[in-house]
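Below is one structure, written out as structure tokens; the observations come after it.
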Amino acid sequence: MAAKAQKLSKTIESRTDNLLEVREFVLRASREFGFSEEEASKIVLAVDEACTNVIKHAYQFAPDRKIEIVIRPVKDSMQITVIDDGTSFNPSIAKLPDLKQHLSHYRRGGLGIYLMRTLMDKVEYKYAPGKRNEVRLTKYLTASEPSA
Amino acid sequence: MTDFKIHHRDGDGVSVIEIKGYLDAHTAPDLETAFQKLLTEKKYNVVVNCRDLSYISSAGLGVFMAYVEDIRKNMGDIKLTNMSPKVYNVFDLLGFPILYEIYKDEQEAVSRFKEIKK
């Protein structure tokens, strides 16, 4: 299954027109790792959301900053790390919103973070303020793994 | 490379917006512009046909959230149709079927508006 997978990385400039390229990169890697089309689609969307958050929040739409995407096999899981050096933002300290309540007030923010946590098995954040922020997304090949 | 297209047509008091391709943070502003135009023109009965929508992220979903309130305040609605299972799954994960009427077929959604008018 994942035995032959190796570490891959890609660096893009912080513009939304690069999201398509990121999605294609992650889709290829997910398929090669052995994920079904359905699971690969979930991973692609989660990484899109992570990069979009970096562009919007960490870099506040500055178009020439760097985002690095690193994909690593870790045993039976694929780990995707999205790295930036913009403003730190830690959504992990915020509680997941009550979705029904959230939507009934027509709130549009926070949907990406909710999606990442729902689509992936694990979402972790690491910070060195002003130097390096990391969002690490993990998906197990076996569907029965518990959610984080 | 154009990865998102919007086609707008009007008929019988209902505006149909066909969206095609990839709706993400890059292309969501195009959809915002289309909704803004509908509001300016006071067209509040809106059907969004998603037949050729290949992909949607939260930035795209956020556009529907941003405009549905104003449209409903004016006695209109945004009804969504013809979604592929992949696109529907994303709407479903975020609880959208509670807030939006989603139909298999565009004609069904258009008919709902006409029934309300009667």
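Chains A and B supply the protein sequences, listed in that same order. Throughout the first sequence, residue numbering follows this note's numbering, covering 1485 to 1632 in sequence. Throughout the second sequence, residue numbering follows this note's numbering, covering 784 to 901 in sequence. From the three backbone atoms N, C-alpha and C, an ideal C-beta is built for every residue, glycine too. Treat the numbers as computed from the prediction; the structure is a model and nothing was measured.
For residue i versus residue j, is the C-beta distance shorter than 8 Å?
| i | j | result |
| --- | --- | --- |
| L803/B | L836/B | The amino acid at residue 803/B is misidentified as Leu; the sequence shows Lys. In contact: K803/B and L836/B (Cβ atoms closer than 8 Å). |
| V797/B | N832/B | no |
| Q1563/A | T1602/A | no |
| E1497/A | R1556/A | no |
| L814/B | I789/B | yes |
| V1531/A | V1566/A | yes |
| G1570/A | Y1543/A | yes |
| H791/B | L1503/A | no |
| Y805/B | D793/B | no |
| V870/B | I861/B | no |
Once DSSP output is grouped into helix, strand and coil, what is the label at residue i?
| i | result |
| --- | --- |
| L877/B | coil |
| T1571/A | coil |
| N1537/A | helix |
| Y1624/A | strand |
| Y886/B | strand |
| T810/B | coil |
| D1560/A | coil |
| G859/B | coil |
| D853/B | helix |
| S798/B | strand |
| E1522/A | helix |
| E1552/A | strand |
| K897/B | helix |
| T1500/A | helix |
| A1489/A | coil |
| E891/B | helix |
| E824/B | coil |
Closer than 8 Å, CB to CB, is residue i near chain A or not?
| i | result |
| --- | --- |
| V873/B | yes |
| K887/B | no |
| L877/B | yes |
| K869/B | yes |
| S837/B | no |
| D860/B | no |
| A902/B | As displayed, chain B neither begins before 784 nor continues past 901, which places residue 902/B out of reach and without an answer. |
What is the residue span of the alpha helix (DSSP H) that residue i lies within?
| i | result |
| --- | --- |
| A1612/A | Per DSSP, A1612/A belongs to no alpha helix (DSSP H); it is in the beta strand (DSSP E), K1606 to A1612. |
| M866/B | Premise fails: M866/B is in no alpha helix (DSSP H) and is neither H nor E. |
| L727/B | For chain B, the structure presents residues 784 to 901; residue 727/B sits outside this window and is missing. |
| S1514/A | L1503 to F1517 |
| G1594/A | Careful: G1594/A lies outside any alpha helix (DSSP H) and carries neither H nor E. |
Do residue i and the ligand ADP come close, with the Cβ less than 7 Å from some heavy atom?
| i | result |
| --- | --- |
| A842/B | For the structure depicted, the ligand ADP is absent and the ligand set is empty, with no information on it obtainable. |
Can you tell me which residues form a DSSP beta bridge with residue i?
| i | result |
| --- | --- |
| P1547/A | Answer by DSSP bridge pairing: none, since P1547/A is not bridged. |
| G804/B | F787/B and L836/B |
| T1633/A | This structure cannot settle anything about residue 1633/A, because the visible part of chain A is limited to 1485 through 1632. |
| D1532/A | DSSP, once it has assigned bridges, lists no residue as partnering D1532/A. |
| R1601/A | Answer is none; R1601/A lacks a bridge partner. |
| R792/B | V799/B |
I want to see whether chain B comes within less than 8 Å of residue i, judged by CB atoms only; does it?
| i | result |
| --- | --- |
| L1529/A | yes |
| S1514/A | no |
| Y1609/A | no |
| L1621/A | no |
| E1497/A | no |
| S1631/A | Caution applies to S1631/A, whose pLDDT of 47 falls short of 50 and renders its modelled position unreliable; the value that the coordinates give is listed next. Not an interface residue. |
| E1634/A | As displayed, chain A neither begins before 1485 nor continues past 1632, which places residue 1634/A out of reach and without an answer. |
| G1596/A | yes |
| I1539/A | yes |
| E1508/A | no |
| D1501/A | yes |
How is the beta strand (DSSP E) around residue i delimited, first residue to last?
| i | result |
| --- | --- |
| T1495/A | L1492 to E1497 |
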